[in-house]
Amino acid sequence: MPAPSRSRRRSAWHRRSGPWPPKGATPPVPGHRRRVARAGASTSARAYASRPIYEEPWALFRSSEVALADWASETAPVQRGFLYAVGAFSLWGVSPVFWKFLGHVPASDIFGHRVVWTFACVVLILASRRSWGRVAAAAGDRRTLGLEAVAAVLLASNWLLWVWAVTSDHVIEGSLGYFMNPLVSVVLGMLFLGESLRRAQWFAVGLATAGVVWLTVQVGTLPWISLVLAFTFGFYGLIKKKLDLSPFEGLGIEMSVLLLPAVLFLVVRASAGDGSMGVGVPADSLLLMAGGLFTAVPLLLFGAAVRRVPLTVIGLTQYLAPTINFVLGVVVYSEPFGGVRLIGFVAIWIGLVVFSLDFLGSTRRLRPTA
Numbered sequence: 087m088p089a090p091s092r093s094r095r096r097s098a099w100h101r102r103s104g105p106w107p108p109k110g111a112t113p114p115v116p117g118h119r120r121r122v123a124r125a126g127a128s129t130s131a132r133a134y135a136s137r138p139i140y141e142e143p144w145a146l147f148r149s150s151e152v153a154l155a156d157w158a159s160e161t162a163p164v165q166r167g168f169l170y171a172v173g174a175f176s177l178w179g180v181s182p183v184f185w186k187f188l189g190h191v192p193a194s195d196i197f198g199h200r201v202v203w204t205f206a207c208v209v210l211i212l213a214s215r216r217s218w219g220r221v222a223a224a225a226g227d228r229r230t231l232g233l234e235a236v237a238a239v240l241l242a243s244n245w246l247l248w249v250w251a252v253t254s255d256h257v258i259e260g261s262l263g264y265f266m267n268p269l270v271s272v273v274l275g276m277l278f279l280g281e282s283l284r285r286a287q288w289f290a291v292g293l294a295t296a297g298v299v300w301l302t303v304q305v306g307t308l309p310w311i312s313l314v315l316a317f318t319f320g321f322y323g324l325i326k327k328k329l330d331l332s333p334f335e336g337l338g339i340e341m342s343v344l345l346l347p348a349v350l351f352l353v354v355r356a357s358a359g360d361g362s363m364g365v366g367v368p369a370d371s372l373l374l375m376a377g378g379l380f381t382a383v384p385l386l387l388f389g390a391a392v393r394r395v396p397l398t399v400i401g402l403t404q405y406l407a408p409t410i411n412f413v414l415g416v417v418v419y420s421e422p423f424g425g426v427r428l429i430g431f432v433a434i435w436i437g438l439v440v441f442s443l444d445f446l447g448s449t450r451r452l453r454p455t456a
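Take a look at the structure:
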């Protein structure tokens, strides 16, 4: 008798036993999965235990697609944060171009209008974020309000001096102040926060100090613009570190402190016939108003970057702003920069390189290993 064909054998097996696996049945799982499911384990463990062994062939592609989507969702915020940081420091870098357009306007008038229109921009931003509750609560605390008042004075001094330096052809010296700012911040952290300096940081601070001494001796005058800009912004950062406020919440309080003096100053100037708003070409009035927007936008980008990228990225991209300032001062505005100044700048730049390498090394050592 001839043997039944393979198809007949398969159909006979199905008639006896039914299809495999039977409809509604779960394929067998290994013993350890059964034990996990019986032990009343966590939801994820039970889900793993009930997962079929035999998966569709396209499941691998599905999992790869999900993994790629997860990777994109994790890296996209970092990439956006890096672009935000570059945008913020680039705008601060090209700020001399903006303020140069108002070079014929007194720096005090520019500062007064900058406070008024920055306050207007910050009010709109805080309203859109519904942050007035936190601002009011912070302003109601005496310690916070006192520290913010000091921060407002420091910020006002920094803004006024920077605008004056730009409009008076001292862009290079102003850029040196912002090059020195990270080193000044390290020294202030040691003096007021009890932070200890590593050997490389001491070396970097020593090189920067040597550069300043060299410029003072050779040029004949102390680079006071650089030092005042570096220390006012350094102390401003020191105070902000003691406050638990977002950049715009703090800036809102600071602009509120400065608003009344700025408005009174502008009113007195206008009543004496020396005001700048509405006098001369209309472009001046538009630029004075745009000064507030030009102040708020980089801060908005910076705040978005800080929440998305590591501190290492912020620490390195911050040198973009003074570098652009320096290039503008030398190349575009042809400010004097001879060999004597170059030696002092090189000493400070080498100190910054040492500081940055030490900073990168310390963050790499502190990074958790998986």
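Quick note: the sequence shown uses the numbering used here, first residue 87, plus one each step.
All residues carry an ideal CB built from backbone N, CA and C; glycine is no exception.
All values derive from a computational prediction rather than experimental measurement.
Any idea what DSSP makes of residue i, helix, strand or coil?
{"i": "L330", "result": "At residue 330 the sequence reads Asp, which differs from the Leu that was named. Coil at D330, not helix or strand."}
{"i": "R121", "result": "The predicted position of R121 is uncertain, since its pLDDT is 47 and thus under 50; no value can be drawn from it."}
{"i": "D227", "result": "coil"}
{"i": "A238", "result": "helix"}
{"i": "V314", "result": "helix"}
{"i": "E421", "result": "coil"}
{"i": "L308", "result": "coil"}
{"i": "V115", "result": "Low confidence applies here, because V115 scores a pLDDT of 47, under 50, leaving its location unreliable and the question unanswered by this model."}
{"i": "G437", "result": "helix"}
{"i": "G179", "result": "helix"}
{"i": "P396", "result": "coil"}
{"i": "F197", "result": "helix"}
{"i": "G189", "result": "coil"}
{"i": "S342", "result": "helix"}
{"i": "V426", "result": "helix"}
{"i": "S243", "result": "helix"}
{"i": "S282", "result": "coil"}
{"i": "S254", "result": "coil"}
Which residue marks the beginning of the alpha helix (DSSP H) containing residue i, and which one marks its end?
{"i": "T295", "result": "R285 to V305"}
{"i": "E259", "result": "V257 to L279"}
{"i": "D360", "result": "It is not in any alpha helix (DSSP H) - D360 carries neither H nor E in the DSSP assignment."}
{"i": "A216", "result": "A small fix is needed here, since residue 216 is Arg in this sequence, not Ala. R216 -> no alpha helix (DSSP H), and no H or E assigned at all."}
{"i": "G378", "result": "P368 to V392"}
{"i": "F412", "result": "L406 to V413"}
Can the beta-carbon of residue i be found closer than 8 Å to that of residue j?
{"i": "T230", "j": "L329", "result": "yes"}
{"i": "G263", "j": "S194", "result": "no"}
{"i": "F205", "j": "L345", "result": "yes"}
{"i": "I325", "j": "L233", "result": "yes"}
{"i": "V298", "j": "P309", "result": "yes"}
{"i": "V208", "j": "L414", "result": "no"}
{"i": "L385", "j": "L337", "result": "yes"}
{"i": "N411", "j": "S261", "result": "yes"}
{"i": "V314", "j": "L247", "result": "yes"}
{"i": "A162", "j": "A391", "result": "no"}
{"i": "G430", "j": "L301", "result": "yes"}
{"i": "F334", "j": "G389", "result": "yes"}
{"i": "L177", "j": "V383", "result": "yes"}
{"i": "F265", "j": "I400", "result": "no"}
{"i": "L283", "j": "V272", "result": "yes"}
{"i": "V249", "j": "K186", "result": "no"}
{"i": "L241", "j": "Y322", "result": "yes"}
{"i": "G361", "j": "L352", "result": "yes"}
{"i": "F423", "j": "V416", "result": "yes"}
{"i": "V221", "j": "I339", "result": "yes"}
{"i": "M341", "j": "V201", "result": "yes"}
Write down the C-beta distance between residue i and residue j rounded to the nearest angstrom, noting that I regard them as a contact closer than 8 Å.
{"i": "V437", "j": "A316", "result": "It should be pointed out that residue 437 corresponds to Gly in this sequence rather than to Val. Not confirmed; about 13 Å, so no contact."}
{"i": "G167", "j": "R394", "result": "3 Å"}
{"i": "L331", "j": "A213", "result": "Actually they are not in contact, since the Cβ atoms of L331 and A213 sit about 17 Å apart, beyond 8 Å."}
{"i": "W245", "j": "F197", "result": "6 Å"}
{"i": "Y483", "j": "D255", "result": "An answer regarding residue 483 cannot be provided, because it is not within the stretch 87 to 456 covered by the chain."}
{"i": "V349", "j": "A238", "result": "About 14 Å separates the two Cβ atoms, so there is no contact after all."}
{"i": "G377", "j": "H199", "result": "6 Å"}
{"i": "G179", "j": "T409", "result": "7 Å"}
{"i": "F175", "j": "L372", "result": "Not a contact, Cβ separation roughly 25 Å."}
Within 8 Å of any Cβ in chain B, is that where the Cβ of residue i sits?
{"i": "S448", "result": "Structure shown: chain B not included; a single protein chain is present."}
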